[in-house]
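Trainee:
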Amino acid sequence: MKQTFSIALAAVVASMLISGHTGYANPNQKNANSNAGNAKPIQTQSSEGEIDSLTSRQQLYDRLSTVTGIPWYRIAAVDQYERTLSKARPKARPQLGSIVGIYIDEEQWAGPLNPDSSDNVPASIQWFNGIGRDGDGDGFADRNNDLDLLYSVANRLLQYGGSTEDDFSIGVWEYYHNSRAVQRIQQFSNIYATFGRLDLYEHAFPVPVGTNYSYRSTWGNARGWGGRRTHEGTDIFANHGIPVRSTCYGVVEIKGWNPYGGWRIGIRDLNNYYHYYAHLSGFDKTIGIGTIVKPGQTIGWVGSSGYGKPGTQGKFPPHLHYGVYRDRGLIEWAFDPYPLLRRWEQDERNRLKAANR
Ligand SMILES: [Zn+2]
């Protein structure tokens, strides 16, 4: 019976991963969930201090990988997914360790029926079926210890099989019971595996700096087509055919036609932000769902597609509509990308200047 269930589950998880199914509607139909201006973007640039912590994190993942047999990039993906949830809901998920992002509440850690909710004795935690384990070998399952936190989650994931990708996805599903968690962790894992490192926070401006374009802050303006929707993004006006580039390291989550956005692409990054590029005239032929991209990589071209059935174009001047959405675990919230765009544009100007010196 258990065997049959596992196989059925594996099929479900595998099909979700193959189809890139997201379980939510396209961003243009998410207005009910948006809270204009309320959701502030988190700092997305990596500072020097963060790079130090990335080095320490890499060491932790490598160490845990040796112990558990799980590749470091899958451990890193779980940790990063947890970190993005905590950044989105810091009150509900306070930081437990010093550099890992894993959050496990007391009851889960000690076991739901454990009379001592702050239990740190591995044998009794195990008796009450708690998640907490001793990862660093000091004899205690300490909920504030980085290695104990990471090892406890890894240990739970490994209960559902070995360390192969399918087994791992089943473990992730059993742990979260949330198909988006499975998809995110798969996406993050693929990004880390592709680049072989954790420091993937550089950004690029979505059209080449130096070409003719213009944009201004239009957050929350009413818009002309599709009923009462407010504008969730920034319009960058540029000539038809100007390259549209990924702003981040990420993975292509959606590509195709949408009645509002026309030919559009959605890219997920490691902050669990969803970058949305609409009204394109076409897609770069190397881009498909699941493609891993880096900042500055061409994904398509500026156009005026949208506001009708597939192929409709020319109903408005050519421009790139760029939006950013933040995953909060169950719903996504749009926030104003304008300040980010200004910063990325300036950073790119500085890089160009430095290169021409
Ligand atoms: Zn727009």
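With mature numbering (1 follows the signal peptide of the UniProt record, and there is no 0) applied, the sequence shown corresponds to residues -24 to -1, 1 to 333, in that order. For each residue, glycine too, the CB sits at the ideal point set by N, CA and C. Since the structure is predicted, the reported quantities are computational estimates derived from the model, not experimental observations.
#1: Quick one: residues in its chain with C-beta nearer than 7 Å to the C-beta of residue 212, no 5 flanking neighbours on either side, listed in chain order?
#2: Looking at the unbroken alpha helix (DSSP H) that takes in residue 166, where does it start and where does it end?
#3: By Cβ distance, which residues of its chain are closer than 6 Å to residue 123, with the 5 residues on each side in sequence left out?
#4: Is residue 307 buried or exposed, if buried means 16 or more other CB atoms sit within 10 Å of its CB?
#5: Would residue 317 be called buried (16 or more neighbouring beta carbons within 10 Å of its own) or exposed?
#6: Measure the Cβ-Cβ separation of residue 178 and residue 315 and say whether it is below 8 Å.
#7: Is it buried or exposed for residue 285, if we count other Cβ within 10 angstroms and need 16 for buried?
#8: For residue 255, count neighbouring C-beta atoms within 10 Å of its own C-beta (all shown protein chains included) and say buried if the count is 16 or more, exposed if not.
#9: Leaving out the 5 sequence neighbours to the left and right, which residues in its chain are closer than 7 Å to residue 170 when beta-carbon positions are compared?
#10: Nearest-angstrom Cα distance between residue 43 and residue 64?
#11: Any residue with its C-beta under 6 Å from a non-hydrogen atom of ligand 1 counts. Can you list them all in chain order?
#12: Here's a check: name, in chain order, each residue in its chain whose Cβ is nearer than 7 Å to the Cβ of residue 55, leaving out the five neighbours to either side.
#13: Report the rounded CA-to-CA distance for residue 187 versus residue 251, giving the unit in angstroms.
#14: Just curious, the alpha helix (DSSP H) that residue 97 is in, first and last residue?
#15: When we look at the beta-carbon of residue 234 and count the other beta-carbons within 10 Å, is it buried (16 or more) or exposed?
#16: Counting C-beta neighbours from all protein chains within 10 Å, is the total for residue 173 16 or more, i.e. buried, or is it exposed?
#17: Starting from residue 325, follow the alpha helix (DSSP H) in both directions and report where the run begins and ends.
#18: Between which residues of its own chain and residue 300 is the CB-CB distance below 8 Å, once the five residues before and five after are set aside?
#19: State the Cα-Cα distance for the pair residue 280 and residue 163, rounded to the nearest angstrom.
#20: Find the nearest neighbour of residue 132 within the set 151, 328, 115, 141, judged by alpha-carbon distance.
#21: Quick one, are the C-beta atoms of residue 115 and residue 90 less than 8 Å apart?
#22: I'd like the list of long-range same chain contacts for residue 148, defined as Cβ closer than 6 Å, with 5 residues on each side in sequence excluded.
#23: Go ahead and pull the three-state DSSP assignment for residue 308.
#24: Alpha carbon to alpha carbon, how far is residue 289 from residue 69? Give it in angstroms, no decimals.
#25: Residue 276 by DSSP, collapsed to three states: which one?
#26: Quick one: grab the DSSP three-state call for residue 234.
#27: Using beta carbons (cut-off 8 Å, strictly below), is residue 43 in contact with chain D?
#28: In three-state terms, what does DSSP make of residue 2?
#29: I need the straight-line Cα distance from residue 244 to residue 33, nearest angstrom please.
#30: Can you grab the Cα-Cα spacing for the pair residue 142 / residue 72, in whole Å?
#31: Roughly how many angstroms lie between the CA atoms of residue 108 and residue 302, to the nearest whole one?
Mentor: Taking the geometry as given:
#1: If we look at residue 212 and ignore the five residues flanking it on each side, its Cβ neighbours are 182, 183, 189, 191, 295, 296, 298.
#2: 155 to 171 is the extent of the alpha helix (DSSP H) around residue 166.
#3: The residues are 111, 112.
#4: It counts as exposed.
#5: With 16 or more Cβ atoms within 10 Å of its Cβ, residue 317 is classed as buried.
#6: No.
#7: Residue burial is scored here from C-beta neighbours: residue 285 has fewer than 16 other C-beta atoms within 10 angstroms and is therefore classed as exposed.
#8: Under this definition residue 255 is a buried residue.
#9: Cβ within range, chain order: 268.
#10: One C-alpha to the other measures close to 31 Å.
#11: A residue is listed when its beta-carbon falls short of 6 Å from at least one non-hydrogen atom of ligand 1; in chain order these are 207, 209, 211, 297.
#12: Hits under 7 Å: 76, 77, 78, 126.
#13: When rounded, the separation of the alpha-carbon atoms in residue 187 and residue 251 is 22 Å.
#14: That residue, residue 97, is in no alpha helix (DSSP H); it is neither H nor E in DSSP.
#15: By the 16-neighbour rule on beta-carbons within 10 angstroms, residue 234 is buried.
#16: With fewer than 16 other Cβ atoms from the protein chains shown falling within 10 Å of its own Cβ, residue 173 counts as exposed.
#17: 314 to 332 is the span of the alpha helix (DSSP H), which, as asked, contains residue 325.
#18: These residues qualify, in order along the chain: 17, 209, 249, 250, 251, 252, 310, 311, 313, 316.
#19: Answer to the nearest angstrom: the Cα atoms are 30 Å apart.
#20: Measuring from the Cα of residue 132, the nearest candidate turns out to be 151.
#21: With a cutoff of 8 Å on beta-carbon distance, residue 115 and residue 90 are scored as not near each other.
#22: The residues are 158, 161.
#23: Note: residue 308 maps to strand in three-state DSSP.
#24: Each residue's alpha carbon lies about 45 Å from the other.
#25: Look at residue 276 here: in three-state DSSP terms it is strand.
#26: Judged by DSSP in its simplified three-state form, residue 234 adopts strand.
#27: The structure shown has no chain D; it contains just one protein chain.
#28: Confidence is the limiting factor: at residue 2 the pLDDT is only 39, short of 50, which leaves the residue's position unreliable, though a coordinate-based value still follows. Coil, per DSSP.
#29: Going from the Cα of residue 244 to the Cα of residue 33 covers about 22 Å.
#30: Those two C-alpha atoms are separated by around 29 Å.
#31: Straight across, the Cα-Cα distance linking residue 108 with residue 302 is about 30 Å.
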